[in-house]
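Enquirer:
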Amino acid sequence: MTAPQRRAIQISGQVQGVGFRPFVYRLAVARRLSGFVRNDGAGVTIEIQGAPAALDDFLHALRQPPPLARIDALGISELTPHQLEPAFVIAASGAGAVSADITPDTAVCDDCLAELFDPGDRRYRYPFVNCTNCGPRYTITAALPYDRPNTSMAGFVLCRVCAREYHDPSDRRFHAQPNACPVCGPRLSLRDATGVPVDVDDVIAAALERLLAGEILAIKGLGGFHLVCDAQNAATVARLRQRKQRDAKPFAVMAANLASLARWVEGDETDWRRLTSPQRPIVLLRQGPDSDRSLPGIAPGLAHLGVMLPYTPLHYLLFHQAAGRSAGTAWLTQPQPLLLVMTSANPGGEPLVIDDDEATRRLQGIADGFVTHNRAILARCEDSVVTGHIFIRRARGHTPQAIRLPRAGPSTLALGGYLKNTLCLTRDDRAYLSPHIGSLDNAATCRALEEAMAHLQDILRIAPERVARDLHPDFPSSRLAAAYAAERNLPCIAVQHHHAHIAAIAAEHGLREPVLGLALDGVGLGTDGGIWGGELLWVDGAHFERLGHLRPLPLPGGDRAAREPWRLAVAVLHLLGRNAELDRRFGARAMVIQHMLERRINTPETSSAGRLFDAAAALLGVRETNDHEGQAAMELEALAHRHGLERPLAEGFVLHDDGVLDPLPLLATLAEGMEPGQGAACFHATLALALSEWLRWARDRTGLQQEVALGGGCFLNRLLSTQLQTRLETAGWRVSTARQAPPNDGGLSLGQAWVAMLAKLG
Ligand SMILES: [Zn+2]
Ligand SMILES: [Zn+2]
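For the sequence shown, our numbering assigns the number 1583 to the last residue and increments by one with no breaks.
(1) Scan the region 1491-1545 and note each continuous alpha helix (DSSP H) run of 4 residues or more that stays entirely inside, going in chain order.
(2) Using the beta carbon as the reference atom, which residues fall closer than 5 Å to any heavy atom of ligand 1, ordered along the chain?
(3) Here's a check: name, in chain order, each residue in its chain whose Cβ is nearer than 7 Å to the Cβ of Thr1427, leaving out the five neighbours to either side.
(4) Starting from the Cα of Gln870, find the closest Cα among Arg891, Gly864 and Val910 and give me that residue.
(5) Do Arg1201 and Pro1231 have their C-beta atoms within less than 9 Å of each other?
(6) When DSSP builds the beta bridges, which residues end up paired with Ala1235?
(7) What first and last residue would you give for the alpha helix (DSSP H) that runs through Trp1387?
(8) Comparing the CB of Cys1005 with every heavy atom of ligand 2, is any distance shorter than 8 Å?
(9) Is Met1163 helix, strand or coil when you go by DSSP?
(10) With hydrogens ignored, establish whether the beta-carbon of Ala997 is closer than 8 Å to any heavy atom of ligand 2.
(11) Which stretch, first to last residue, makes up the alpha helix (DSSP H) that contains Cys933?
(12) Mind checking whether the beta-carbon of Ala975 lies closer than 8 Å to any heavy atom of ligand 2?
(13) Rank Leu1292, Val836 and Val950 by C-alpha distance to the C-alpha of Leu1346 and give the top, closest one.
(14) Can you say whether Ala1552 is buried or exposed, counting buried as having 16 or more other CB atoms within 10 angstroms of its CB?
(15) Is the beta carbon of Ala1014 closer than 9 Å to that of Gly1190?
(16) With a CB to CB cut of under 7 Å and the five nearest residues on each side skipped, what residues in its chain are close to Gln1142?
(17) Candidates Phe1296, Val839, Leu1488 and Arg1309: which alpha carbon is nearest Ala1439's?
(18) Per DSSP, Asp861 is paired with what?
(19) According to DSSP, simplified to helix, strand and coil, what is Tyr945?
(20) Please report the straight-line C-alpha distance between Gly896 and Ala882, rounded to a whole angstrom.
(21) Quick one: measure Cβ to Cβ for Tyr959 and Pro925, integer angstroms, because I've assumed they're closer than 8 Å.
(22) How would you write the range of the beta strand (DSSP E) that Ile1224 sits in, first residue to last?
(23) May I ask you to list the residues that DSSP assigns as paired with Thr1558?
(24) Out of curiosity, what's the CA-to-CA distance linking Pro1285 and Arg891?
(25) Could you compute how far the alpha carbon of Arg1444 sits from the alpha carbon of Pro1386?
(26) Give a single yes or no on whether Val950 has its beta carbon closer than 8 Å to a heavy atom of ligand 2.
(27) From this set, Leu1139, Asp1023, Leu1061 and Gly1044, which residue's C-alpha is nearest Ile1037's C-alpha?
(28) Would you say Ser1260 and Leu1244 are within 9 Å of each other, going by their C-beta atoms?
(29) Just to confirm the assignment, what range does the alpha helix (DSSP H) spanning Phe1434 have?
(30) Please confirm whether any heavy atom of ligand 2 lies closer than 8 Å to the CB of Glu1009.
(31) Work out the CA separation of Leu1011 and Ile1326 for me, nearest whole Å.
(32) Which runs of the alpha helix (DSSP H) spanning at least 4 residues fall entirely within the region 832-906, listed in chain order?
(33) Which same chain residues end up closer than 8 Å to Asn1054 when comparing Cβ atoms and leaving out the 5 residues on each side of it in sequence?
(34) Pull the bridge partners of Val1316 from the DSSP assignment, please.
(35) According to DSSP, is Gln1066 helix, strand or coil?
(36) At the level of alpha carbons, what is the spacing between Thr1150 and Pro940?
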């Protein structure tokens, strides 16, 4: 027999609170090895002893960790074997601050689903089934360490059976903090429109019955309430839209499984993987030929439909009920006809409703009833939304998962922009992005930003050394940042909006050399006091230079022009000297605008790329007013998509020596009465050509390598992104895009934090 060996193994990564120690325990016991495993400040430490072959086998198996775990680094060293060591044990936590990152909320796992639909299981149809591999985390945790008393499960005392699972290292529920069962855990309840409890035998059955009868229910989820109704009931959908005062913003829908989605949407392998991932985001997929007609009012005029699959046991139980409550999980792979609208309960653009009393108050007149429960939501977290590989919104399933930075730096708090606000906290080489908070145009959302800031600091235990804000001093986020920094005597670094967009990409891709940055966006304050938004930048860490920008367009009426693209169309025709067409196209209202333009009354200029899309849409007659941000641009993309490829207009733009890209000739052509689909396709193709020529010019001027970061909300336009990237990559460029954070203003705080970390203070 070979002499036993002993090894020490240090593991860092996402290894605490994810069932890692019981996993190690089982591997060791199965191989008759001795030693211990414990959590400590760095992650997990293992000392393991036994026959060399068994040790090697153990190490091999260790590299396939449980679903929620992630090994970032693994170090091994040899130790002197112990004389007498009878067994392998899970030891008490070691020294050092527990570094455990709290994991994101995760969709119910297959093992738990099997129990949920097994009539013989003690958790049969129990809406709160979970285990170490699945269930709520971030949204039920108030503070570190991640132990039951610090979660909203604190008030539920484990029954004897649940306690046995919790303490048994060989059990799937060993140290599963939200562990619960029908005897000891949270319960569902049904309430009427005024919040009064309704006495029913079976909440799930009653809820589904109401949904199928055309009611709108507010249902408590992981990170907040959803408004839910039958997506195939046009009258109900119209009523929801009217009650929510959401004129044309699309609703997301939930289907039982992939097989049920085939009827409505088209997608590829990437999309199916995203949909079924434990993060379960909303995925934007191309609508099938049939869905715009058979799902009236869900995503009017748009090419894409936001879809998701169930992620809580409660969601699954609704579909299970609709499928006739068949036993087992076979029904989960068969197409199911039920399709539910699942839209965030955030009336009036205010933060998501998370609390029961708040729900009855704020959703009065919107919801016909409430399905709620007594497990509190401690942190707001909306559904994440993705298109292809790109985040539109990063929240549930991803918060508070860290984004790795190229290097460590001072802990920084960055408070983001004005629209689609998020905040970011960093520690060492990790950046933690908050969930989507919203637009800071109302007091409630500003309060939600402060709450999110406090909560994230509590669960990460980070005391910032630096603060970052947008260059615009009057945003609520900028004021909060300044006040926070002043109170603690910390430096507060103002970061230009488009610099932050490019820095966010540099941060996640580890770009350390100077790069070219193309930021195509709505608007942000420039260093010259102007309104920027179509910027070609040279970016070197904390420094940047504006190499060029889109030709500025007049904004008659300022902000109002962003909501009313027809004003931009008037401005463009005016610039082209085509005032004679104004009356015919836009009627008498255009005369007022013409007057404003001539006298320069309340008419700032902007190089915003978003406004360029608006102008094109209005000139093509696609849309004259925006009900929500980006609507005209989204419809323009949808039209171009349907039309198919067009050739770019080589004469559609002029590139000036001072770096100004002027697309006015393109707009002039669109205004010649081009058919909208053809015009939309021509606009995208020409813009892609113009941008690639622009980048070539910048490379020649700066002598930089062919490396570019593409940032800003316009890159959510998949048509433009694809066409531009294809052009650039064919010409040998290395292109970096936003992958781990949204390219839109939701990613600003990450870029701000990275710039502030790199800034030399002195
Ligand atoms: Zn599970
Ligand atoms: Zn129990």
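Think of the CB as a built atom: it goes at the ideal place given N, C-alpha and C, for glycine as much as any other residue.
A quick note: this is a predicted structure, and the numbers were derived from the prediction, not measured.
Expert: Short version:
(1) 1497-1523
(2) Near ligand 1, meaning a beta-carbon closer than 5 Å to one of its heavy atoms, we find Cys930, Cys933, Cys952, Asn954 and Cys955.
(3) Counting from one through the sequence shown, the residue named residue 1427 turns up at place 606. Only Val1344, Ile1352, Gly1354, Pro1373, Leu1374 and Leu1376 meet the Cβ criterion.
(4) As a position in the sequence shown, residue 870 is number 49, starting the count at 1. Looking at the Cα atoms, Val910 is the closest of the given residues.
(5) Translated into positions along the sequence shown, residue 1201 becomes position 380. Translated into positions along the sequence shown, residue 1231 becomes position 410. Not in contact: Arg1201 and Pro1231 (Cβ atoms no closer than 9 Å).
(6) Within the sequence shown, the letter at position 414 stands for residue 1235. Answer by DSSP bridge pairing, in chain order: Cys1245 and Ala1289.
(7) The residue labelled residue 1387 in the question sits at position 566 within the sequence shown. Per DSSP, Trp1387 belongs to the alpha helix (DSSP H) from Pro1386 to Leu1396.
(8) Translated into positions along the sequence shown, residue 1005 becomes position 184. Within the cutoff, so yes.
(9) Position 342 of the sequence shown holds residue 1163. In the structure shown, Met1163 sits in a strand (DSSP, three-state: E or B).
(10) Within the sequence shown, residue 997 is the residue found at index 176, counting from 1. No - ligand 2 has no heavy atom lying nearer than 8 Å to the Cβ of Ala997.
(11) Mapped onto the sequence shown, residue 933 falls at position 112. That run of the alpha helix (DSSP H) goes Asp931 to Leu937.
(12) To locate residue 975, count along the sequence shown from 1; it is residue 154. Every heavy atom of ligand 2 is 8 Å or more from the Cβ of Ala975, so no.
(13) Residue mapping note: residue 1346 aligns to position 525 of the sequence shown, counting from 1. Measuring C-alpha to C-alpha distances from Leu1346 to each of Leu1292, Val836 and Val950 identifies Leu1292 as the nearest.
(14) Counting from one through the sequence shown, the residue named residue 1552 turns up at place 731. Classification of Ala1552: exposed, given that the 10 Å Cβ count is below 16.
(15) Translated into the one-based positions of the sequence shown, residue 1190 becomes position 369. Translated into the one-based positions of the sequence shown, residue 1014 becomes position 193. With contacts defined by Cβ atoms closer than 9 Å, Gly1190 and Ala1014 form a contacting pair.
(16) On the sequence shown, residue 1142 is found 321 positions in, with the first residue counted as 1. Result list for Gln1142: Ile1025, Ala1026 and Leu1029, in chain order.
(17) What you label residue 1439 is simply residue 618 of the sequence shown in a count that begins at 1. With distances taken between Cα atoms, Ala1439 lies closest to Leu1488.
(18) The sequence position of residue 861 within the sequence shown is 40, counting from 1. Gly864, per the DSSP bridge assignment.
(19) Position 124 of the sequence shown, counted from the start, is the residue given in the question as residue 945. Of the three classes helix, strand and coil, the one that applies to Tyr945 here is coil, per DSSP.
(20) Numbered from its first residue, the sequence shown carries residue 896 at position 75. Numbered from its first residue, the sequence shown carries residue 882 at position 61. Rounded to whole angstroms, Gly896 to Ala882 spans 15 Å at the Cα level.
(21) As a working mapping, residue 959 is identified with position 138 in the sequence shown. As a working mapping, residue 925 is identified with position 104 in the sequence shown. So it is a contact: roughly 6 Å between Cβ atoms.
(22) As a first step, residue 1224 must be located in the sequence shown, where it is residue number 403. Element bounds for Ile1224: Ala1223 to Arg1225.
(23) Sequence index remark: in the sequence shown, residue 1558 carries index 737 (1-based). Leu1531.
(24) Indexing the sequence shown from 1 puts residue 1285 at position 464. Indexing the sequence shown from 1 puts residue 891 at position 70. Each residue's alpha carbon lies about 26 Å from the other.
(25) Against the sequence shown, residue 1444 aligns to sequence position 623. Against the sequence shown, residue 1386 aligns to sequence position 565. Those two C-alpha atoms are separated by around 7 Å.
(26) If you number the sequence shown from 1, residue 950 lands on position 129. Flag unset: Cβ of Val950 not near ligand 2.
(27) Along the sequence shown, read from residue 1 onward, the residue named residue 1037 stands at position 216. The shortest Cα separation from Ile1037 among Leu1139, Asp1023, Leu1061 and Gly1044 belongs to Leu1061.
(28) As a working note, residue 1260 is residue 439 in the sequence shown. As a working note, residue 1244 is residue 423 in the sequence shown. Cβ atoms of Ser1260 and Leu1244: not closer than 9 Å.
(29) As a working mapping, residue 1434 is identified with position 613 in the sequence shown. Its alpha helix (DSSP H) spans residues Ala1430 to Leu1440.
(30) On the sequence shown, position 188 is the one that residue 1009 refers to. The residue you asked about is not Glu; residue 1009 is Leu in the sequence shown. Checking every heavy atom of ligand 2 against the Cβ of Leu1009, none is found closer than 8 Å.
(31) Position 505 of the sequence shown holds residue 1326. Position 190 of the sequence shown holds residue 1011. Whole-angstrom Cα-Cα distance: 45 Å.
(32) Segments of the alpha helix (DSSP H) lying fully in the region 832-906: 841-851 and 873-883.
(33) Here residue 1054 refers to the residue found at position 233 when the sequence shown is read from its first residue. These residues qualify, in order along the chain: Gly1035.
(34) Here the question's residue 1316 lines up with position 495 in the sequence shown. According to DSSP, which records beta bridges pairwise, Val1316 is partnered with Asp1291.
(35) Position 245 of the sequence shown holds residue 1066. Here Gln1066 sits in coil by DSSP.
(36) The residue labelled residue 1150 in the question sits at position 329 within the sequence shown. The residue labelled residue 940 in the question sits at position 119 within the sequence shown. When rounded, the distance between both Cα atoms is 11 Å.
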